[in-house]
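Just add 229 to the spot in the sequence shown (first one is 1) and you have our numbering. We put the CB at the ideal spot given by N, CA and C, even for glycine. In what follows, a single structure is set out as structure tokens and then discussed.
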Amino acid sequence: MRSTFLLPVLSSLAAAAPTSQQHQQLSPRDAPSPAPQVVSVSYSGNGCPSASPAVDRSGGFDDIALRLNAFEATTAGTVADTSVNCQAHLSISGAAAGWQVGVKDVYVQGHLVLDPGAELDYYVTSFWSEDAAKTATIRGTLSNGGATRLSQDVTAHSAVPDGQVVYSPCVGSAGDVGLLNVNFRVALQADGAQYGYFGKDADTTASENWSYVWRRC
Numbered sequence: 230m231r232s233t234f235l236l237p238v239l240s241s242l243a244a245a246a247p248t249s250q251q252h253q254q255l256s257p258r259d260a261p262s263p264a265p266q267v268v269s270v271s272y273s274g275n276g277c278p279s280a281s282p283a284v285d286r287s288g289g290f291d292d293i294a295l296r297l298n299a300f301e302a303t304t305a306g307t308v309a310d311t312s313v314n315c316q317a318h319l320s321i322s323g324a325a326a327g328w329q330v331g332v333k334d335v336y337v338q339g340h341l342v343l344d345p346g347a348e349l350d351y352y353v354t355s356f357w358s359e360d361a362a363k364t365a366t367i368r369g370t371l372s373n374g375g376a377t378r379l380s381q382d383v384t385a386h387s388a389v390p391d392g393q394v395v396y397s398p399c400v401g402s403a404g405d406v407g408l409l410n411v412n413f414r415v416a417l418q419a420d421g422a423q424y425g426y427f428g429k430d431a432d433t434t435a436s437e438n439w440s441y442v443w444r445r446c
């Protein structure tokens, strides 16, 4: 069983847990130079089927962004359609020896439609294949507490507290960082005839991007 940290979105993160005394925690600005490279990327999940063009990737390691063209969750279909996920698998290499890196800030965007009382839960989980038992999960909830249907583009941001970042193995002389996995999942919660949808409209497509924090090892 994976040991997972479940973190509320948009809550105060000022009182983050203290870091291990074995490592010196660094700010996101502290990083090896040059930055590593994303050697390859693959995807899995019902929100990013293998048929092209399911995912458009832009940016490099430092500014990666994923546009999820087939990512749509809805209450109008079957039960399976209410929960959708896309997991990215990134092989990363080319870093200086003596560093570790982990996912720190996560941003998710998309078009959201919710009837009054309906909710959307979303989860972003990161882990390294070299130690897949250690994961960090950010959870957020977007709800409609009003009296009319909500239909708008949304952006949500949250950060993993310093003491709960899941770090890569320590980079050795070969420069290999590891295989990073980032899973984005949404689940609609609606009763009876309530309608819910998350995905795209004429101007917006579901997308995600994240940034990192480094430390010496």
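- Scanning the stretch 267-293 from its first residue to its last, no whole alpha helix (DSSP H) run of 4-plus residues comes out.
- DSSP, read as helix, strand or coil, puts Ser358 in helix.
- Annotated as distal: Ser320 and Leu417, with beta-carbon spacing of 8 Å or more.
- CA-to-CA, the gap between Gly288 and Ala294 works out to about 6 Å.
- Annotated three-state conformation of Gln423 is coil, per DSSP.
- Per DSSP, the continuous beta strand (DSSP E) segment holding Val415 begins and ends at 405-418.
- Secondary structure note for Thr366: its beta strand (DSSP E) is the uninterrupted segment 363-372.
- The stretch 394-404 and the stretch 350-368 touch, with no fewer than 3 CB-CB distances between them shorter than 8 Å.
- DSSP places Ala309 within a helical segment (H, G or I) once states are collapsed to three.
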